[in-house]
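Chemist:
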Amino acid sequence: MSSVQKQLESVTREVFHKLNFDPIFSSLKFSDRPDLSDYQCNGALPIAKQQGLPPQQVAHAIIEALQPLCSQAELFVAGPGFINFKLKDDSVQEALKNISLKPALPLSQNVFLDYGGPNVAKPLHVGHLRSSLIGESLKRLFRYMGHKVTGDIHLGDWGTQMGMLIVALQEQFPSLPYFQKDFEGDYPKESPVTLKDLEDLYPKISTRCKEDKDLADQARRATMELQQGRRGYKALWQFFVDVSVEDLRLQLEKLGVTFDQWFGESRYQDKLSGLLEEVKQKGLSRESEGAVIIDVAREGDKADIPPLLLQKSDGGFLYATTDLATIDERVNHFGAEALIYVVDGRQSLHFEQVFRAARKMGYTLPMELIGFGTMNGADGKPFKTREGGVMRLEELIDLLVAGATQRLEEVGVSKDLTLEEEKEIAFKVGMAALKFADLQHNPMQNYQFDVNKFLSFEGKTGPYLLYVVVRIKAILAKGGTPGFPGIVPVLTKQERELAITLFRFSDLISLAYEKRAPNILCEAAFDLAQSFNRFYQSCPILIEPDEQLKNFRLFLCEKTLQQMLILFDLLGIEPVERM
Ligand code: ARG
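Just so we're aligned, residue 548 is where the sequence shown starts under the numbering used here, counting upward by one.
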């Protein structure tokens, strides 16, 4: 089923055809004067210009042909030639009964969504937060549209950080069997390190490697040996991965972020030389100073797109090589029909190179990067802790939950709650604040971290939306959900406005999907909350003496709640029962 706007648009288009007017101008938009009308079509103006006629005359001609086909609205001309559509009150109510919540034609592609992308043994920091939140929301949105989506975390589990950690551990515990080349027995089952150990070791060794060339060389050699399959190193590496992944799962679960595949870069190591051979055989690569590269520049490129580096002169493979092998598996083994990556926008050149190389290799499916900007601190630079380090995701979550707890106490909600309830609500409020703050921006836009602003109960925030939903639920709990009560004679301005907002739902969802923009979902939720509040402030519901009118208003509440909860789910926001 299509939205009210789409229905009106489709008859308008027909009439444009009939009148030999270019149907490209037949689209409708929301009225600029909601006090006068609900929708408007401005197409008479460009057509008048094309035909050399007065716009008012064109508009009247359109209305004359359109009105008989359009019984649900009254049409009239306003201003220089705007065609206005005012829905009849009973049509508004009829349309409310069957609002379309889903797109008319469900989509059904096998989509692979690559997001999250944290690096093993390094703490999960705010840089990966955005990828996780945006990716999770897009996954839900794509599924809502009907696609089959596989979410893959694509862990960074194979870089030089592994060699560094091996070296650091060897310094501390040289006698461990992992470091003895000729050791042939079984290694201990217990990990020699905890996540805490890794988190202490990594920043220190990484700083030292920057200053000490010998140490850096040692780490590089260890990485190489690991990649060549040295048994003790492989065993250690597995422990590093296991302890990190265990914690990652926990942190991401708190955020409501889940993956279908927990694959990592290491998975593709055995495939890289085969891939290299294939590319060479097809004549797609060339040698340059001992390295193997693929030219990806195209005629007409605005910026310089350097060749993709497939293999270094020392034989090592790269990030891009792994990405190509991953594409191969996703397409040829898992049957992917579209690939989407949610990765920091600063990697856009990398992905441009990878996509172009993949095209050369014969992949024709859509491949798309959804790049995003940074979350900045008050200084305008990527957000850091007060000490200047990266803030761990866990700390960030704690910070928001503590803030939410304080807010709940300030507004006096806490006193009616048990400690358990307070904890749960504070957690959900904190997460809603964080997610809504992040997702309400167009992904590419940078934004500023500001806990107080995120947690405000007023304005465009997660907590405000949670509060509106609590209010609607409270009304429905008292008034019941009577279903559609039959047509009431007149609608107030606010009832009408809320209804029109409700009619937009499927169009906005489709738009958010087409633009890959969770911010459009945020906008939809906020607009709906605002319309609801204006309705709530001017139309008595529970105390309305006219039973039918009361039931009609409850029906509006019910519809609002239904849409809000769908939007919450698409944004990964969990409603609370009290606030
Ligand atoms: N681990 C990478 C990073 O932290 C992100 C991985 C993105 N996905 C991909 N297929 N390259 O930058």
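Glycine residues also receive a C-beta, built at the ideal position from the N, C-alpha and C atoms.
Using a Cβ-based criterion (distance less than 7 Å to any ligand heavy atom), does valine 890 qualify as near the ligand ARG?
Modeler: Within the sequence shown, numbered from 1, the residue matching residue 890 stands at position 343. Indeed, a heavy atom of the ligand ARG lies less than 7 Å from the Cβ.
Chemist: Going by the DSSP bridge assignment, what does leucine 660 pair with across the sheet?
Modeler: As a working mapping, residue 660 is identified with position 113 in the sequence shown. Leucine 660 is bridged to Gly698, Ile887.
Chemist: Per DSSP, proline 929 forms a beta bridge with which residues?
Modeler: Mapped onto the sequence shown, residue 929 falls at position 382. Paired residues: Asn923.
Chemist: Alpha carbon to alpha carbon, what distance is there between glutamate 1094 and glutamate 611?
Modeler: For this step, residue 611 is matched to residue 64 along the sequence shown. For this step, residue 1094 is matched to residue 547 along the sequence shown. Straight-line Cα distance between these residues: approximately 40 Å.
Chemist: For valine 740, does the three-state DSSP call read helix, strand or coil?
Modeler: For the purposes of this step, residue 740 is taken as residue 193 along the sequence shown, with counting starting at 1. In this structure, valine 740 counts as coil in the three-state DSSP scheme.
Chemist: Could you pull the start and end residues of the alpha helix (DSSP H) that glutamate 1070 belongs to?
Modeler: On the sequence shown, residue 1070 is found 523 positions in, with the first residue counted as 1. First-last of the alpha helix (DSSP H) with glutamate 1070: 1065-1085.
Chemist: In whole angstroms, give me the CA-to-CA distance for lysine 781 and glycine 803.
Modeler: Here the question's residue 781 lines up with position 234 in the sequence shown. Here the question's residue 803 lines up with position 256 in the sequence shown. Between lysine 781 and glycine 803, the C-alpha separation is close to 32 Å.
Chemist: Between glycine 663 and serine 679, how many whole angstroms is the CB-CB distance? I'm expecting something under 8 Å.
Modeler: Within the sequence shown, residue 663 is the residue found at index 116, counting from 1. Within the sequence shown, residue 679 is the residue found at index 132, counting from 1. That belief holds up - the Cβ atoms of glycine 663 and serine 679 are roughly 5 Å apart, short of 8 Å.
Chemist: Less than 6 Å between C-beta atoms, sequence neighbours within five positions excluded: which residues of the same chain meet that for glycine 1026?
Modeler: Mapped onto the sequence shown, residue 1026 falls at position 479. Closer than 6 Å at Cβ, skipping near neighbours: Leu1089, Leu1101.
Chemist: Excluding the five sequence neighbours on either side, which residues of its own chain have a C-beta within less than 8 Å of the C-beta of serine 647, listed in chain order?
Modeler: Translated into positions along the sequence shown, residue 647 becomes position 100. The answer, listed in chain order, is Met548, Ser549, Ser550, Phe1052, Ser1053.
Chemist: Can you tell me whether DSSP reads histidine 672 as helix, strand or coil?
Modeler: Residue mapping note: residue 672 aligns to position 125 of the sequence shown, counting from 1. DSSP places histidine 672 in strand when its eight states are reduced to three.
Chemist: Considering just the uninterrupted stretch of the alpha helix (DSSP H) at valine 1035, what are its terminal residues?
Modeler: Residue numbering aside, residue 1035 sits at position 488 when the sequence shown is read from its first letter. Premise fails: valine 1035 is in no alpha helix (DSSP H) and is neither H nor E.
Chemist: Nearer than 7 Å: is that true of the beta carbon of aspartate 747 relative to any heavy atom of the ligand ARG?
Modeler: Position 200 of the sequence shown, counted from the first residue, corresponds to residue 747. No, the Cβ of aspartate 747 stays beyond 7 Å of every heavy atom of the ligand ARG.
Chemist: Throw me the rounded Cβ distance for the alanine 979 and leucine 1013 pair, which I believe falls under 8 Å.
Modeler: Indexing the sequence shown from 1 puts residue 979 at position 432. Indexing the sequence shown from 1 puts residue 1013 at position 466. Between leucine 1013 and alanine 979 the Cβ distance is about 5 Å, and since that is below 8 Å, they are a contact.
Chemist: By a C-beta neighbour count over all protein chains shown, 10 Å radius and 16 as the cutoff for buried, is methionine 1129 buried or exposed?
Modeler: Nothing can be reported for residue 1129: it is not among the residues displayed for the chain, which extend from 548 to 1126.
Chemist: Figure out for me which residue from Val673, Asp699, Ser618, Ser860 has the closest Cα to the Cα of valine 658.
Modeler: Here residue 658 refers to the residue found at position 111 when the sequence shown is read from its first residue. Closest option to valine 658, Cα to Cα, is Asp699.
Chemist: Quick one: is the Cβ of threonine 697 within less than 7 Å of any heavy atom of the ligand ARG?
Modeler: Indexing the sequence shown from 1 puts residue 697 at position 150. No, since every heavy atom of the ligand ARG falls outside the 7 Å radius drawn around the Cβ of threonine 697.
Chemist: Starting from arginine 877, trace the alpha helix (DSSP H) both ways and give me its first and last residue.
Modeler: Indexing the sequence shown from 1 puts residue 877 at position 330. From DSSP, arginine 877 is part of no alpha helix (DSSP H); its letter is neither H nor E.
Chemist: What I want to know is whether the C-beta of histidine 607 ends up closer than 7 Å to one or more non-hydrogen atoms of the ligand ARG.
Modeler: Residue numbering aside, residue 607 sits at position 60 when the sequence shown is read from its first letter. False, no ligand heavy atom lies under 7 Å from that Cβ.
Chemist: Ignore the nearest five residues each way along the sequence and tell me which others in leucine 583's own chain have a CB closer than 8 Å to its CB.
Modeler: Taking the sequence shown and counting its residues from 1, the one referred to as residue 583 is at position 36. Hits under 8 Å: Ala625, Asn631, Lys633.
Chemist: Nearest to proline 1122 by CA position, among Ala651, Leu871, Pro913, Gly977, is which residue?
Modeler: In the sequence shown, counting from the first residue as 1, residue 1122 sits at position 575. Taking only the C-alpha atoms, the option nearest proline 1122 is Gly977.
Chemist: Could you check which residue in Arg906, Gln894, Val792, Pro653 has the C-alpha nearest to that of arginine 845?
Modeler: As a working note, residue 845 is residue 298 in the sequence shown. Looking at the Cα atoms, Arg906 is the closest of the given residues.
Chemist: Excluding the five sequence neighbours on either side, which residues of its own chain have a C-beta within less than 7 Å of the C-beta of glutamine 816, listed in chain order?
Modeler: Numbered from 1 along the sequence shown, position 269 holds the residue referred to as residue 816. Once the five neighbours on either side are set aside, the close Cβ partners of glutamine 816 are Trp705, Gln774.
Chemist: On the DSSP bridge assignment, give the partners of cysteine 588 in chain order.
Modeler: For this step, residue 588 is matched to residue 41 along the sequence shown. The partner list for cysteine 588 (beta bridge, DSSP) reads Ile630.
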